[in-house]
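K.L.:
Below you will find the structure I want to go over with you.
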Amino acid sequence: MDITRRELLTQCSKLLVLTGTAALAFERGGQAPVAGDTYQMAAHWWGMIIDIDKCIGCGNCVRACSKENGVPDGYFRTWVERYQVTEDREHPFVESPDGAINGFPPATRKDVKSFFVPKICNHCADSPCTQVCPVGATFMSPDGVVLIDPDYCLGCRYCIQACPYGCRYFHPQKEIADKCTLCYHRITKGLTTACCEACPTGARQLVDLKNPKDPVHEILRTSKVQVLKPQMATGAKVFYKNLDGAVR
Amino acid sequence: MPFSRDSGHLVRPAVVLLAGLAAFLAIRSAVVPRGFGRYGHYRPAALDLIRNRPLTFAGQAQCVECHDEEAKLRAAGKHARVACEACHGPQAAHAGDFVNVKPQLPDVAKLCARCHEQDAAKPKTFPQVVTAEHSGGVVCNTCHQPHNPHL
Amino acid sequence: MTGVDGFMYPNEVELQWSLLIVIYPYVTGLVAGAFILASLERVFKVEAVRPTYRLALLTALAFLLVAPLPLQLHLGHPERSFEMYLTPHRSSAMAMFGFVYLWYLTVVLLVEIWLEYRADIVRFAQTRTGAARWIYRVLTLGSQNVSPAALKIDDKVGYIVTVIGIPSAFLLHGYVGFIFGSVKANPWWSTPLMPIVFLFSAMSSGIAAVLVLYVVSMKLRKTTIDMRCLDTIAKYLFYIFVIDFSLEMLDLVQRTYEADESFRSLDFMVHTRLWTSQVLVQIFLGTLAPLSLLAASQLWTFAEKVRRKLYVTASLLTLVGIFAMRWNVVIGGQLFSKSFLGYTTYKVQFAAREGLLPASALLILPFVLFFVLVKLLPPWQELKVSKT
Chain V
540 MDITRRELLT QCSKLLVLTG TAALAFERGG QAPVAGDTYQ MAAHWWGMII DIDKCIGCGN
600 CVRACSKENG VPDGYFRTWV ERYQVTEDRE HPFVESPDGA INGFPPATRK DVKSFFVPKI
660 CNHCADSPCT QVCPVGATFM SPDGVVLIDP DYCLGCRYCI QACPYGCRYF HPQKEIADKC
720 TLCYHRITKG LTTACCEACP TGARQLVDLK NPKDPVHEIL RTSKVQVLKP QMATGAKVFY
780 KNLDGAVR
Chain A
1155 MPFSRDSGHL VRPAVVLLAG LAAFLAIRSA VVPRGFGRYG HYRPAALDLI RNRPLTFAGQ
1215 AQCVECHDEE AKLRAAGKHA RVACEACHGP QAAHAGDFVN VKPQLPDVAK LCARCHEQDA
1275 AKPKTFPQVV TAEHSGGVVC NTCHQPHNPH L
Chain U
261 MTGVDGFMYP NEVELQWSLL IVIYPYVTGL VAGAFILASL ERVFKVEAVR PTYRLALLTA
321 LAFLLVAPLP LQLHLGHPER SFEMYLTPHR SSAMAMFGFV YLWYLTVVLL VEIWLEYRAD
381 IVRFAQTRTG AARWIYRVLT LGSQNVSPAA LKIDDKVGYI VTVIGIPSAF LLHGYVGFIF
441 GSVKANPWWS TPLMPIVFLF SAMSSGIAAV LVLYVVSMKL RKTTIDMRCL DTIAKYLFYI
501 FVIDFSLEML DLVQRTYEAD ESFRSLDFMV HTRLWTSQVL VQIFLGTLAP LSLLAASQLW
561 TFAEKVRRKL YVTASLLTLV GIFAMRWNVV IGGQLFSKSF LGYTTYKVQF AAREGLLPAS
621 ALLILPFVLF FVLVKLLPPW QELKVSKT
């Protein structure tokens, strides 16, 4: 006995209704912007300047970030590395005990050049991490901050693989990718990031490249400045002053 | 291939596939998050979600509003550039409700050593001491006033 | 830090992509490989492998149905995976997965299987009883036309579908290679050769899988094995595996010669952390051994029984070797630090979400599905309605 056209159409429409109902159970976002909000995204292009000659490896930034952003134990949105470089520059001695959340034990090597290097998400203008996200859960905001949508991330971890700097991690409780947000909730209110606030020596400074009065322009024009892994062409916006070439 | 009675059965899988496609498109238009793609390939609601996170650090501008005495003392000394919360820890809760939320004073010995304990990797111009030799175990604020520490 | 040698960026210590992500490319590779074997007969008119045509299609389907499962189990939020269909990010190779998978499953594999089996399905719909009858009635999609003319049209359309299916199979597995090969942050992965190496190793494993399943099925049914078919499959396995091995050796040789900034770190990793899985299991046990066996069968004549044993052994070793290759790519790529100053370790747990237990279940499941499919749609020649 052949199935008639009517029967086929009935079956198809039943299928449609069933799947449609199921799929509508998915969350949908869409809050209206906060009233009285004066922050204009288009007027800002955020970055950071880190001065290696000023960093004392106290770890204040790591602790402050952890408290401000609820970073889970054992994972780091920012961390500090201590480099001890001999003349064999291919093999520097590098350490970052617990990301330097409790500072560093005393350095014991002799005849080395040593210094601290704070690391953070570079909020790359051509970020490889946002390029690989399959759904658009991580993205660059119009004001230059690479962010993660915690309600949309699948937890596939492709972005964590794609970051050349190791700044992303998988949040063990939320089961999503997580990383430095450049304290987006602070900088959009005119405050600075938690790490910059807590840094006692001013080694870390939040900068706004679109603000003509920002000191970053003078620094970029006159000082020797580097980004990490320039060969990756990521368009990193965290600029290091006085960074040694042995730093990875 | 001319459409004949003998190829009529091919319409059936085609119909199934097209029905599936139609169903998918219908569901998709209903379920895609509102405004997706407005600024880029993401939900614009995410920006608001991230921005609405409550503050933990108040920022020194807030501290100075009430504590201008300490601020003046600090501005005159070597700790002029050290933010209040760099030593006192996050105080947004205290700034929001200073009557009921009192900040805890930091453990001085540990606090000062974190920055000022001698380490070869610290910049040579940065004031650092081997605390055992420097004070022989006496706590730092016995001699140094934290807001203006230079003696 | 436990398990860490040297220095790693703090967030790198934990591996992100585990055993489940080793299984996924392995399974899709088997799908692509089995399908290419099927297309050998259908498109390239290698008549000798006709006895395995239907078997290869069912193998491909069984593995394809299991393919998304390791991914779903691995995701932090599998309930959000539908987002890949809603808002696929066109710059991400991974976003292709949903569409390529669906395309391949529906337009290629299911349509081809339907066209190939239609005559049998109609017959079963007419002759079987009970619940089975209803299943077959649904599978007929309402048409009972199995006249010689209709079957001839099925044949023609099936040919076209297979022709479309070949690049689709390449896409289904090639994009996985691209997912790894396009990550500039990871020098172990980043090479334009990656999609091609993945593809050829997929073909090797797929052909080996069909060979083993064919021999096992014939043994279980106590039927004689078509040696001409088996010899031909083994020959193609040999050729394709040789190409695969050459490509992998090319990658290795070029890497060693160029010795860029990552080389010393990667070289050390292969000599230590990856020695067993890469050199011993993948290269010696999983590639050189089966290639030697297959080469021997091409160079010298052996008795039928010996040849059979040779082919099955070589195929099993190939399957192990290609699994090791996936392991070495996925896990190997995460064992070293992107600072090139340190290494971590990967410990597979047993009963955890991404542990050995669920992984083993996922690898066994396709064979269970294959068994069910074979019962539903018997591939055996003697039941086939003869085609014009």
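Protein chains in written order, with this note's numbering: chain V, 540 to 787; chain A, 1155 to 1305; chain U, 261 to 648.
Ideal placement from N, C-alpha and C gives every residue a C-beta, glycine not left out.
How many whole angstroms separate the CB atoms of A599/V and A1275/A, which I take to be in contact at a CB cut-off of 8 Å?
P.N.:
First, the amino acid is wrong: residue 599/V is Asn here, not Ala. With a Cβ gap of about 16 Å, N599/V and A1275/A do not count as contacting.
K.L.:
Report the CB separation of W394/U from P1167/A in whole angstroms; it is logged as a contact under 8 Å.
P.N.:
Going by Cβ atoms, the distance from W394/U to P1167/A rounds to 19 Å, so no, they are not a contact pair.
K.L.:
Kindly list the residues whose CB is nearer than 7 Å to the CB of A1234/A, restricted to its own chain and excluding five residues on each side of it in sequence; keep chain order.
P.N.:
R1228
K.L.:
Would A410/U count as contacting chain A if we go by Cβ distances under 7 Å?
P.N.:
yes
K.L.:
Using a cut-off of 9 Å between C-beta atoms, extract the partners of E1239/A located in chain V.
P.N.:
A603, A733, E736 and A737
K.L.:
Counting only beta-carbon separations shorter than 7 Å, does P1244/A have a partner in chain V?
P.N.:
yes
K.L.:
Bridge partners of T686/V, per DSSP?
P.N.:
First, the amino acid is wrong: residue 686/V is Leu here, not Thr. BP columns for L686/V point to F678/V.
K.L.:
Is it buried or exposed for A1230/A, if we count other Cβ within 10 angstroms and need 16 for buried?
P.N.:
exposed
K.L.:
Would K598/U count as contacting chain V if we go by Cβ distances under 7 Å?
P.N.:
yes
K.L.:
Rank P636/V, K652/V and R616/V by C-alpha distance to the C-alpha of H630/V and give the top, closest one.
P.N.:
For H630/V, the nearest C-alpha among the options comes from K652/V.
K.L.:
I'd like the span of the beta strand (DSSP E) that includes S653/V, first residue to last.
P.N.:
Start and end: K652 to I659.
K.L.:
Please classify V1262/A: does DSSP put it in a helix, a strand, or coil?
P.N.:
helix
K.L.:
Assuming V470/U and L315/U form a contact by the criterion Cβ under 8 Å, report the distance between their Cβ atoms to the nearest whole angstrom.
P.N.:
6 Å
K.L.:
Got a sec: which bits of the region 325 to 346 of chain U sit with their beta carbon under 9 Å from any beta carbon on chain V, in order along the chain?
P.N.:
L331, H334, L335, G336, H337, P338, E339, R340, S341, F342, E343, M344 and L346
K.L.:
Could you check where the beta strand (DSSP E) with I493/V kicks off and where it finishes?
P.N.:
No information on residue 493/V is available, as it lies outside the stretch 540 to 787 that chain V covers here.
K.L.:
Could you have a look at K713/V and say whether DSSP puts it in helix, strand or coil?
P.N.:
Looking at K713/V - three-state DSSP - the assignment turns out to be coil, as it is neither helix nor strand.
K.L.:
Starting from the beta carbon of T366/U, find every residue of chain A whose beta carbon is closer than 8 Å, and list them in chain order.
P.N.:
L1171 and G1174
K.L.:
So which of F632/V, A664/V and C663/V has the shortest CA-CA distance to K649/V?
P.N.:
F632/V
K.L.:
Taking Cβ-Cβ distances shorter than 9 Å, what residues in chain A pair up with G402/U?
P.N.:
H1163 and R1166
K.L.:
Which bits of chain U does V709/V rub up against, with CB to CB less than 8 Å?
P.N.:
Correcting the residue type first, residue 709/V is Phe in the shown sequence and not Val. Within 8 Å Cβ-Cβ: E274, Q276 and G336.
K.L.:
Note down, in chain order, every chain A residue with its Cβ under 7 Å from the Cβ of Q688/V.
P.N.:
Correcting the residue identity first, residue 688/V is Asp in this sequence and not Gln. Correct list: Y1196, R1197 and A1200.
K.L.:
Using a C-beta to C-beta distance shorter than 9 Å, which residues of chain A count as neighbours of A639/V?
P.N.:
Ordered by position in chain A, no residue passes the 9 Å Cβ test against A639/V, which lies about 10 Å from the chain.
K.L.:
Start and end of the alpha helix (DSSP H) containing V371/U?
P.N.:
V371 to T387
K.L.:
If distances are taken between C-alpha atoms only, which option among K305/U, P330/U, A294/U and G293/U comes closest to G615/U?
P.N.:
P330/U
K.L.:
Have a look at the DSSP bridge pairing and note the partners of I640/V.
P.N.:
According to DSSP, I640/V shares a beta bridge with G642/V.
K.L.:
My output table needs one value for L637/U: the three-state DSSP class, helix, strand or coil.
P.N.:
coil
K.L.:
I want to know whether the region 1205 to 1218 of chain A touches the region 699 to 711 of chain V - three or more CB-CB distances under 8 Å.
P.N.:
no
K.L.:
Applying a beta-carbon distance threshold of less than 7 Å, which residues of chain A neighbour G642/V?
P.N.:
R1268
K.L.:
In the DSSP output, what is F531/V paired with across the bridge?
P.N.:
The structure shown does not extend to residue 531/V, since chain V is modelled only from 540 to 787, so the question has no answer here.
K.L.:
Any idea what DSSP makes of G546/U, helix, strand or coil?
P.N.:
The answer is helix: DSSP assigns G546/U an H, G or I state.
K.L.:
In chain U, which residues lie with their C-beta within 8 Å of the C-beta of R1188/A?
P.N.:
Those within 8 Å of R1188/A in chain U number zero; the least Cβ separation is about 12 Å.
K.L.:
Looking at G293/U and S465/U, is the spacing between their C-beta atoms short of 7 Å?
P.N.:
yes
K.L.:
Check Y697/V in the structure and name its three-state DSSP category.
P.N.:
helix
K.L.:
Taking CB distances under 7 Å as the criterion, tell me whether K1276/A reaches chain C.
P.N.:
Absent from the structure is chain C; the protein chains it does hold are V, A and U.
K.L.:
Where does G569/V land, buried or exposed, given buried means 16+ other C-beta within 10 angstroms?
P.N.:
The predicted position of G569/V is uncertain, since its pLDDT is 39 and thus under 50; no value can be drawn from it.
K.L.:
Using C-beta distances below 6 Å, list every residue in its chain close to A1249/A, excluding the 5 sequence neighbours before and after it, in chain order.
P.N.:
A1212 and Q1216.
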